[in-house]
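In what follows, a structure is listed as structure tokens, so that the remarks can point back to it.
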Amino acid sequence: MSAFNRFKEQVLKAYWEKHSNNELHDRLANPTSANLRDYALFLLGSGLNPDDKKTLRDFFILKDEHGDLEKSIAGIDIDKLKPVRYFIDKKTNNPDETIVKLLAVLIDFQPRPFRIDDWTENPTIPFTSISKPTVLENDRSGKSQDLEPQTEPESIESPKPVDYKRKGSKLNKKAVLLVSSGGIIAASLGYIGFKEKKECMCWFKDQYIVVDCINNNLRNKNVIALDQDKLENFKKITRYDTLGIKDVNKIWYSKVNNEVEFFTEAGKHPEHAERGLKLATEYIIRKYAMGENTDTTEKTGINNSE
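Just so we're aligned, residue 9 is where the sequence shown starts under the working numbering, counting upward by one.
Structure below.
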């Protein structure tokens, strides 16, 4: 088996082990093409080392080292990510190397990046039997001659356990308990801090994505606290041909600089927080979604402020 095939098998095995232990991010546990893209954006925003960035550049075909990797990932045809899902689901036995390496980054597989030396089997050491002592033919007793007598190794005393009750000892149970408690508290605070650090999101194109609250590369983005409902359900509607009378008073809209945008839920405009969204009336949908030429407002009671 080649070195890369060993790497490939271990990456896939690690994915499913993490999946079984619920150690994967929700988007990785349900690896649709869109979720894989969004998680790649999340990792990029969280900060990646140069090797991991190169892996993303290779997969998302960004040859310019100084090109905008974020835009390249966000603008990719998500069908390009289907082979990653096929690899995860074991529907393909020979995925492209860039696919395997990308998954290794997404699941934080170690060791990475792939290096042949890390996955080359050590040469097999031939087994050599231990020869028995030679017995001289003229020695009928069967005892070997000219052998040095073996001596028993000197016994080594095990270290004595530390007596924490001993007077004058630098450590005592109270100190040990204090140190242990401090370690637990520190670890807990570290975990909480790490968890809170990740619980943010920002608007990206037509939806919210999860980002690191502190370490992110999303310049000029409004990073806000994570809202799971908005993350999953608040979207901008980009295909107006899917809208019709059936959507009257079921979707929301905003008009900024004479441009109308439609959204799936109520709330504030994600890029203009000072503007609240309004329910889309029949007039608004007919005029701005269906493209009907009508300036009639009497029947709907809509004024020019919209």
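Glycine included, every Cβ here is placed at the ideal spot set by N, Cα and C.
Counting along the chain, Tyr-296 sits inside no alpha helix (DSSP H), nor does DSSP assign it H or E at all. Counted as a single uninterrupted DSSP element, the alpha helix (DSSP H) harbouring Val-19 occupies residues 11-28. Annotation for Ile-81: the continuous alpha helix (DSSP H) segment containing it runs 77-82. Rounded to the nearest whole angstrom, the C-alpha separation of Val-92 and Pro-103 is 8 Å. Under the three-pair Cβ rule at 8 Å, the region 256-267 counts as touching the region 278-294. Residue Lys-88 holds the alpha-carbon nearest to the alpha-carbon of Asn-43 among Lys-98, Asn-29, Ala-11 and Lys-88.
Under the three-state reduction of DSSP, Leu-287 is assigned to strand. Counting only residues of its own chain and dropping the five nearest sequence neighbours on each side, Tyr-23 has a CB closer than 7 Å to the CB of Ile-96, Leu-111 and Ile-115.
Shown here, Lys-243 sits in a strand according to DSSP, grouped into three states. Around Ile-86, the same chain offers Ser-41, Ala-42 and Arg-45 as residues with beta carbons nearer than 7 Å, after the five sequence neighbours per side are excluded.
Counting the other CB atoms within 10 Å of its CB gives Val-264 a total below 16, which places it among the exposed residues. In the DSSP assignment, Glu-267 falls within the beta strand (DSSP E) that extends over 267-271. In this model, Glu-78 and His-280 are separated by some 22 Å (Cα to Cα).
With contacts defined as CB atoms closer than 9 Å, Lys-238 and Glu-207 fail to qualify as a contacting pair. Rounded to the nearest angstrom, the gap between the Cα atoms of Glu-269 and Trp-260 is 8 Å.
Taking the CA atoms as reference points, Ser-10 sits about 58 Å from Met-298. For Phe-67, the uninterrupted alpha helix (DSSP H) run begins and ends at 58-67, by DSSP. Residue range 260-264 is occupied by the beta strand (DSSP E) that includes Lys-263.
Leu-32 has its alpha-carbon roughly 13 Å from the corresponding atom of Val-113. Burial state of Ala-48 is buried, judged by a 10 Å Cβ sphere holding 16 or more other Cβ atoms.
Counting only residues of its own chain and dropping the five nearest sequence neighbours on each side, Lys-98 has a CB closer than 8 Å to the CB of Leu-20. Closest in C-alpha terms to Asn-57, from the list Ile-81, Ala-82 and Pro-121, comes Pro-121. In this structure, Lys-62 lies away from Leu-52, with their beta-carbon atoms at least 9 Å apart.
DSSP, read as helix, strand or coil, puts Val-92 in helix. Note that the C-beta distance between Ile-124 and Phe-12 is below 9 Å.
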